[in-house]
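Trainee: The sequence shown finishes on residue 332 if you use our numbering, and the numbering steps up by one all the way, no holes. All C-beta atoms in this analysis are idealised placements derived from N, C-alpha and C, irrespective of residue type, glycine included.
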Amino acid sequence: MRHVIALDVGGTGIKAALVGTEAAPSGSSPGAPARPPVLLHEARRPTGRERGPEAVIGTILDFAAELRELGARKYGAPAAAAGVAVPGIVDEITGTAVYAANLGWRDVPLRRLLSERLDGVPVALGHDVRTGGLAEGRIGAGKGTDRFVFLPLGTGIAAAIGIGGRIEAGAHGSAGEIGHIVVRPEGPECGCGRRGCLETLASAAAVGRAWAAACGDPDATAADAAKAVESGDPAAAAVWQEAVDALADGLVTCLTLLDPRTLIIGGGLAEAGDTLFAPLREAVRQRVTFQPLPSIVPAALGDAAGCLGAGLLARDLLSTEVTA
9 MRHVIALDVG
19 GTGIKAALVG
29 TEAAPSGSSP
39 GAPARPPVLL
49 HEARRPTGRE
59 RGPEAVIGTI
69 LDFAAELREL
79 GARKYGAPAA
89 AAGVAVPGIV
99 DEITGTAVYA
109 ANLGWRDVPL
119 RRLLSERLDG
129 VPVALGHDVR
139 TGGLAEGRIG
149 AGKGTDRFVF
159 LPLGTGIAAA
169 IGIGGRIEAG
179 AHGSAGEIGH
189 IVVRPEGPEC
199 GCGRRGCLET
209 LASAAAVGRA
219 WAAACGDPDA
229 TAADAAKAVE
239 SGDPAAAAVW
249 QEAVDALADG
259 LVTCLTLLDP
269 RTLIIGGGLA
279 EAGDTLFAPL
289 REAVRQRVTF
299 QPLPSIVPAA
309 LGDAAGCLGA
319 GLLARDLLST
329 EVTA
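#1: Quick one: is ILE147 buried, meaning 16 or more other Cβ sit within 10 Å of its Cβ, or exposed?
#2: Taking Cβ to Cβ, would you say GLY66 is nearer than 9 Å to VAL92?
#3: With respect to the alpha helix (DSSP H) encompassing ARG53, which residues constitute its N-terminal and C-terminal limits?
#4: Helix, strand or coil for LEU111? Go by DSSP, reduced to three states.
#5: Using only alpha-carbon positions, find the residue among GLU58, VAL129, LYS235 and PRO95 that is nearest to GLU185.
#6: Using CA atoms only, rank isn't needed, just tell me which of GLY319, LEU325 and ILE171 is closest to GLY28.
#7: Could you tell me the alpha carbon to alpha carbon distance between SER37 and GLY173, rounded to whole angstroms?
#8: When DSSP labels each residue in this structure, what does LYS235 get in the three-state scheme?
#9: Who pairs with ASP99 in a beta bridge, going by DSSP?
#10: What is the C-beta distance between ALA143 and PHE71, in whole angstroms, given that I count them as a contact (C-beta under 8 Å)?
#11: Using alpha carbons as the reference points, say which of GLY199, HIS180, GLY181 and CYS205 lies closest to VAL191.
#12: With a CB to CB cut of under 6 Å and the five nearest residues on each side skipped, what residues in its chain are close to GLY39?
#13: Please give me, in chain order, every unbroken run of the alpha helix (DSSP H) with length at least 4 that falls completely inside the region 165 to 212.
#14: Would you check whether the ligand FMN has a heavy atom nearer than 8 Å to the C-beta of ASP16?
#15: So, does the region 101 to 109 touch the region 81 to 89, judging by three or more C-beta pairs under 8 Å?
#16: When DSSP labels each residue in this structure, what does LEU321 get in the three-state scheme?
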């Protein structure tokens, strides 16, 4: 069976898959897969960032090589292409992982390194959030929507901007960094050097920190905060509402600039369901003036979005080969 390798590299773990594929039929446009991806094999392993950036690169290359060998044994031929999603600043044109603070690397020619390790197969490199947005746009909550924003709320906050079937990368590979919109100028200090950035207040990590401080349990998480809100805890409700209000302020800025039809909210915080979505929709509704209200919906693909998107990037390489 023809297949591709997909890798989604995170700060703590790497998700990987072998994805079944058929090249897009002749005459179809690049980026239009013949059918939704089929996950033939899935695997995970730690990123191992505590061992340093060179070790992380080695782990990625080794993992990809193992998947190539597995695919060749099980399906009669090695993978036809590979796609990899990584965090940070990514130059998708040159295939360079420009900068990733949580992995400690700069200007890593990851596409070239992977292609060499995989005996010359074509490799696509993408930003983790934009790659997840690609999957949500094609086969997830944004399917059939001409303009959407995918916003996973995890350790940080970034966005994928979907316009006309493609994901906007920007002139310098950093489009969608909504987490660094300042919503509270006197707020917490952000890793970027400013204060009151959206991700310091409304990411899952930020909510976890705020609830840990409020409840006195240093191990408390955003999921714990959501459970406390659902149980009627007033302190948790206050922490939660502060995050929702900050997120709504950031989203209204996003609506004003981008005018999406749909906002797709994913990541750990979205797992709270209506505990998040009901107050968030109301907070956004209260803030808009002239801006049309978009649909605000949960992501459909969960933590598989990045890996599925990486598979789609690899499939697009094959589609381009057919239609070139």
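Mentor: Reading it off the structure:
#1: Note on ILE147: 16 or more other CB atoms within 10 angstroms of its CB, so buried under the neighbour-count rule.
#2: Cβ distance not < 9 Å, so GLY66 and VAL92 don't count as in contact.
#3: Counted as a single uninterrupted DSSP element, the stretch harbouring ARG53 is not any alpha helix (DSSP H) but the beta strand (DSSP E) occupying residues 46 to 54.
#4: In the three-state scheme derived from DSSP, where H, G and I count as helix and E and B as strand, LEU111 is classed as coil.
#5: That would be PRO95, whose Cα lies nearest to the Cα of GLU185.
#6: Ranking GLY319, LEU325 and ILE171 by Cα distance to GLY28 puts GLY319 first.
#7: Summary for SER37: the model assigns pLDDT 48, below 50, so the residue's position carries little reliability, and this model does not support an answer.
#8: It is helical.
#9: Paired residues: THR104.
#10: So it is not a contact: roughly 20 Å between Cβ atoms.
#11: When each option's Cα is compared against that of VAL191, the closest is CYS205.
#12: Interpretation of GLY39 is limited by its pLDDT of 47, a score under 50 that renders its predicted location unreliable; the figure taken from the coordinates is listed afterwards. If we look at GLY39 and ignore the five residues flanking it on each side, its Cβ neighbours are ASP324.
#13: For secondary structure counted as the alpha helix (DSSP H) over 4 or more consecutive residues, the region 165 to 212 holds these complete runs in sequence order: 207 to 210.
#14: This structure simply doesn't include the ligand FMN, nor any ligand for that matter.
#15: No, because fewer than three Cβ pairs between the region 101 to 109 and the region 81 to 89 fall closer than 8 Å, the two stretches do not touch.
#16: In the three-state DSSP reduction, LEU321 falls in the helix class (H, G or I).
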